[in-house]
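Numbering (my numbering), first residue to last: -1 to 344.
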């Protein structure tokens, strides 16, 4: 098949955090810039607060959308209860063009963490559907590493084949991209599938960031439909691999990009990483996302199982985040996060 794959670039993207606290009173808006601190990222957050590109407001009457996002959070019961049962909730929301990413999202998380530290609260990331670690919350690093709680990976039973799994990302849409999914994954290959979507996620974000950095402001862009995802891409997702793509990365697996349905409220469809051995579906009138039917046969065959075994050999068996500077406790290495109907993959 080969060819080009067309992606729609949104005019604006939104990053959403929620701070949960038991504090009876909250600091006034004028105190937040001081709490953020100094540094390049802090200055950017302060500028966004001044221009209303970053909005911090108490939640007095949550909207239906906020309630739905709130209930999509995935966390151990104790931590989730801390957020759900908090006396006060404060929404921290940044909105702006995709060209401002990842800095605007980093500035928003910095503000959320600073506010949580000031009120003894907890930060929930409504886009990646997770509760951030730390009490008080960790400081926000200047460098954006996707594996540091920006993009989560979830596993569920595949609705098209109950004997297999489906793996989806959460959080990628805030970078102006659809979420990524793989379907019909044999249970023995779930870890390989999780690393595959991580590596593809790094590729897509790096590619779009570079494209926007060259001044492109088109509403669509084309990328390669068939592409190799390497073990090095997975390490880059965690911040441990080389910063730029290296042609001919060893230990790679070829995937074909397609479209599939998604439960992401911010995406028309998810990018599906399809094994190239899969029997193709009927051709679509457009490569752009729209109403997406089942894009492949409901059951995988022997050729696909063989492909997954090869993918498991190519993907890292263990991938950990880069070590933190001395004096800071490193976050967990980013295990696959459970979705309804599935448990964590280790």
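Glycine included, each C-beta is placed from N, C-alpha and C at the ideal position.
Query raised in the report: How far does the beta strand (DSSP E) with residue 151 in it reach, from first residue to last?
Result: Stepping through the chain shown from its first residue, residue 151 is reached at position 153. First-last of the beta strand (DSSP E) with residue 151: 150 to 156.
Query raised in the report: Which residue's Cα is closest to the Cα of residue 136: 150, 125, 108 and 149?
Result: Counting from 1 along the chain shown, the entry for residue 136 is found at position 138. Among 150, 125, 108 and 149, the Cα nearest to that of residue 136 is on 108.
Query - Start-to-end residues for the alpha helix (DSSP H) that takes in residue 171 - result: Along the chain shown, one-based indexing puts residue 171 at 173. Here residue 171 belongs to no alpha helix (DSSP H), and DSSP marks it neither H nor E.
Query raised in the report: Closest by CA to residue 145, which one among 161, 158, 220 and 128?
Result: Locating residue 145 in the chain shown gives position 147, where the first residue counts as 1. Taking only the C-alpha atoms, the option nearest residue 145 is 128.
Requested in this report: Measure the alpha-carbon distance for residue 230 versus residue 239 and round it to whole angstroms.
Outcome: Reading the chain shown from its first residue, position 232 is the one you call residue 230. Reading the chain shown from its first residue, position 241 is the one you call residue 239. Looking at the two C-alpha atoms, the distance is approximately 6 Å.
Query - Residue closest to residue 20, alpha-carbon to alpha-carbon, out of 9, 276, 120 and 234 - result: The residue you call residue 20 lines up with position 22 of the chain shown. Selected option, being the one with the closest Cα: 120.
Query raised in the report: So does the stretch 48 to 68 actually touch the stretch 84 to 91, counting three or more Cβ pairs closer than 8 Å?
Result: In this structure the stretch 48 to 68 touches the stretch 84 to 91; the number of beta carbon pairs closer than 8 Å is three or more.
Query - Euclidean distance between Cα positions of residue 273 and residue 116 - result: Here the question's residue 273 lines up with position 275 in the chain shown. Here the question's residue 116 lines up with position 118 in the chain shown. Looking at the two C-alpha atoms, the distance is approximately 48 Å.
Report task. Please classify residue 261: does DSSP put it in a helix, a strand, or coil? Result -> Residue mapping note: residue 261 aligns to position 263 of the chain shown, counting from 1. Here residue 261 sits in coil by DSSP.
Query raised in the report: Residues in its own chain within less than 6 Å of residue 190 by CB, not counting five upstream and five downstream?
Result: By 1-based counting over the chain shown, the position of residue 190 is 192. Taken in chain order, the residues that qualify are 309, 310 and 313.
**Report entry** Outcome for residue 203 when other beta-carbon atoms lying within 10 angstroms are tallied against a minimum of 16
**Finding:** Here residue 203 refers to the residue found at position 205 of the chain shown. With 16 or more other Cβ atoms within 10 Å, it is buried.
**Report entry** residue 75 in three-state terms, based on DSSP
**Finding:** In the chain shown, residue 75 corresponds to position 77, counting from 1. Reduced to three states, the DSSP call for residue 75 is helix.
**Report entry** Between the CA atoms of residue 101 and residue 172 - distance to the nearest angstrom
**Finding:** By 1-based counting over the chain shown, the position of residue 172 is 174. By 1-based counting over the chain shown, the position of residue 101 is 103. So the two alpha carbons sit approximately 11 Å from each other.
Query - Simplified DSSP state of residue 9, which is helix, strand or coil - result: Working through the chain shown from its first residue, we reach residue 9 at position 11. Residue state, collapsed to three classes: coil.
Requested in this report: Leaving aside the five residues before and after residue 302 along the sequence, list all residues of the same chain whose C-beta is less than 8 Å from its C-beta, in chain order.
Outcome: Locating residue 302 in the chain shown gives position 304, where the first residue counts as 1. Cβ neighbours of residue 302 beyond the five flanking positions: 182, 273, 275 and 276.
Report task. State the DSSP-derived secondary structure class of residue 82, mapped to helix, strand or coil. Result -> For the purposes of this step, residue 82 is taken as the residue at position 84 of the chain shown. Helix at residue 82.
Requested in this report: Taking only the alpha-carbon atoms, compute the straight-line gap between residue 267 and residue 23 and give it to the nearest angstrom.
Outcome: What you label residue 267 is simply residue 269 of the chain shown in a count that begins at 1. What you label residue 23 is simply residue 25 of the chain shown in a count that begins at 1. So the two alpha carbons sit approximately 41 Å from each other.
Query raised in the report: By a C-beta neighbour count over all protein chains shown, 10 Å radius and 16 as the cutoff for buried, is residue 69 buried or exposed?
Result: As a working note, residue 69 is residue 71 in the chain shown. It is exposed - the Cβ of residue 69 has fewer than 16 other Cβ atoms within 10 Å.
Query raised in the report: Rounded to a whole number of angstroms, what is the C-alpha to C-alpha distance between residue 201 and residue 227?
Result: Reading the chain shown from its first residue, position 203 is the one you call residue 201. Reading the chain shown from its first residue, position 229 is the one you call residue 227. Their backbone Cα atoms lie some 8 Å apart in a straight line.
Report task. Answer yes if the stretch 211 to 225 comes into contact with the stretch 157 to 169, meaning at least three C-beta pairs across the two stretches below 8 Å, and no otherwise. Result -> no
**Report entry** Where residue 261 falls, given that 16 or more other Cβ within 10 Å makes a residue buried
**Finding:** Along the chain shown, read from residue 1 onward, the residue named residue 261 stands at position 263. Exposed, by the Cβ-count rule.
**Report entry** Whole-Å CB distance - residue 205 paired with residue 221, under 8 Å assumed
**Finding:** As a first step, residue 205 must be located in the chain shown, where it is residue number 207. As a first step, residue 221 must be located in the chain shown, where it is residue number 223. Right, the Cβ-Cβ distance comes to about 6 Å (below 8 Å), so this counts as a contact.
**Report entry** Per DSSP, the bridge partner or partners of residue 3
**Finding:** As a working note, residue 3 is residue 5 in the chain shown. In DSSP, residue 3 forms a bridge with 221.
Requested in this report: Under 8 Å by Cβ, that's how I've got residue 15 and residue 110 pegged, so tell me the actual separation to the nearest angstrom.
Outcome: Locating residue 15 in the chain shown gives position 17, counting from the first residue. Locating residue 110 in the chain shown gives position 112, counting from the first residue. Correct: roughly 4 Å between the Cβ atoms.
Query raised in the report: Is residue 49 helix, strand or coil when you go by DSSP?
Result: Stepping through the chain shown from its first residue, residue 49 is reached at position 51. Look at residue 49 here: in three-state DSSP terms it is helix.
Query raised in the report: Which residue from 197, 103 and 39 puts its Cα closest to that of residue 345?
Result: Nothing in the structure corresponds to residue 345, since the chain is present only between -1 and 344.
Query raised in the report: Mapping DSSP to helix, strand and coil, what is residue 252?
Result: Numbered from its first residue, the chain shown carries residue 252 at position 254. If DSSP states are grouped into helix, strand and coil, residue 252 belongs with the strands.
Query raised in the report: Which residue from 8, 87 and 67 puts its Cα closest to that of residue 96?
Result: By one-based count along the chain shown, residue 96 stands at place 98. Answer by Cα proximity: 8.
Query raised in the report: Within 8 Å: the Cβ of residue 31 and any heavy atom of the ligand ZN?
Result: With respect to the ligand ZN, the structure shown offers nothing to examine, as it has no ligands at all.
Query raised in the report: CA-CA distance, residue 60 and residue 87?
Result: Locating residue 60 in the chain shown gives position 62, counting from the first residue. Locating residue 87 in the chain shown gives position 89, counting from the first residue. Taking the straight line from one Cα to the other gives about 9 Å.
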